[in-house]
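Chemist: In the UniProt record's numbering, the protein residues as written are 1 to 230.
Below is the structure I would like to discuss, written out as structure tokens.
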């Protein structure tokens, strides 16, 4: 899809979430899935999300973009599945992968999907349980297993020697932190896990775009405190 402007990327993120909420656009079990007219009307309405940053946006453009996002998600998820079978962890690189993860429960045999761009869209099957409830568990299962924590060696005086942090140690710290987060997410109930993942996803998005500030974190904290008081 190529590089896109920050404003467009934010609009696409909002579009994907709105698309997800209209399950008849992608879930074959929905009774309105085969209602072509409803789909066309809905896609046209969703185009209003893009119009502030993409002036020529219409229903056709929304359909084209979502097909590209689906294709990118399928390619990335296929890599995740294949690497996992080989005992290797793969972190998806496409920026929209996590937002498109609602498709995991309706994709049929993702490990057999071809990477050919011209291949037909994979068949969809109805999820056994709520997609939102299962999303958290499926994302957590892709994280690497917890590494053992080995204490640093002590000197003859009983004090731990100073440690010089290098790039590999920084990477190890990130891996360990992710593993701890995964453990905590597994202990949460489905609804709480979904909320936690939403906050984590949004925080990482703003950090990646360089817009994360301490004030934003304070706003989240204050909002949670006010909600608990009410």
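Ideal Cβ positions, reconstructed from N, Cα and C, are used throughout, including at glycine.
(1) Are the CB atoms of residue 99 and residue 17 within a distance shorter than 9 Å?
(2) Look at the Cβ atom of residue 12, then the Cβ atom of residue 96, and state whether they are nearer than 9 Å.
(3) From residue 193 to residue 55, what does the alpha carbon distance come to, in whole angstroms?
(4) Could you tell me the alpha carbon to alpha carbon distance between residue 68 and residue 9, rounded to whole angstroms?
(5) Who are the Cβ neighbours of residue 51 in its own chain at under 8 Å, not counting the five residues just before and after it?
(6) Under the three-state reduction of DSSP, which class applies to residue 27: helix, strand or coil?
(7) May I have the straight-line CA-CA distance separating residue 48 from residue 180, to the nearest angstrom?
(8) Considering residue 100, what are the terminal residues of the alpha helix (DSSP H) in which it resides?
(9) Output needed for residue 59: all residues of its chain with C-beta closer than 7 Å, excluding positions within five of it in sequence on either side, in chain order.
(10) Does DSSP classify residue 21 as helix, strand or coil?
(11) Considering only residues of the same chain and omitting the five flanking positions on each side of residue 149, which have a CB-CB separation below 7 Å?
(12) Measuring CA to CA, which of 104, 86 and 74 is closest to residue 94?
(13) Can you tell me the Cα-Cα spacing of residue 36 and residue 53, whole angstroms?
Modeler: With the given structure in hand:
(1) Taking the chain shown and counting its residues from 1, the one referred to as residue 17 is at position 17. Taking the chain shown and counting its residues from 1, the one referred to as residue 99 is at position 99. It is a contact, given that the beta carbons lie within the stated cut-off.
(2) Residue mapping note: residue 12 aligns to position 12 of the chain shown, counting from 1. Residue mapping note: residue 96 aligns to position 96 of the chain shown, counting from 1. With contacts defined as CB atoms closer than 9 Å, residue 12 and residue 96 qualify as a contacting pair.
(3) In the chain shown, the residue the question calls residue 193 occupies position 193. In the chain shown, the residue the question calls residue 55 occupies position 55. Straight-line Cα distance between these residues: approximately 37 Å.
(4) What you label residue 68 is simply residue 68 of the chain shown in a count that begins at 1. What you label residue 9 is simply residue 9 of the chain shown in a count that begins at 1. Residue 68 and residue 9: Cα-Cα distance of roughly 14 Å.
(5) Mapped onto the chain shown, residue 51 falls at position 51. The answer, listed in chain order, is 57.
(6) As a working note, residue 27 is residue 27 in the chain shown. Three-state result, residue 27: coil.
(7) Here residue 48 refers to the residue found at position 48 when the chain shown is read from its first residue. Here residue 180 refers to the residue found at position 180 when the chain shown is read from its first residue. Rounded to whole angstroms, the separation of the alpha carbons of residue 180 and residue 48 is 40 Å.
(8) In the chain shown, the residue the question calls residue 100 occupies position 100. First-last for residue 100: undefined, no H or E at that position.
(9) The residue you call residue 59 lines up with position 59 of the chain shown. Setting aside the 5 residues that flank it on each side, residue 59 is surrounded in the same chain by 40, 43, 44 and 47, each with a C-beta closer than 7 Å to its C-beta; the list follows chain order.
(10) Counted from its first residue, the chain shown places residue 21 at position 21. Helix, per DSSP.
(11) As a position in the chain shown, residue 149 is number 149, starting the count at 1. In this prediction, residue 149 has a pLDDT of 40, which is less than 50 and means its spatial position is unreliable; nothing more can be read from the coordinates.
(12) Here residue 94 is taken as the residue at index 94 of the chain shown, counted from 1. Ranking 104, 86 and 74 by CA distance to the CA of residue 94 puts 74 first.
(13) In the chain shown, the residue the question calls residue 36 occupies position 36. In the chain shown, the residue the question calls residue 53 occupies position 53. Residue 36 and residue 53 have their C-alpha atoms spaced approximately 27 Å apart.
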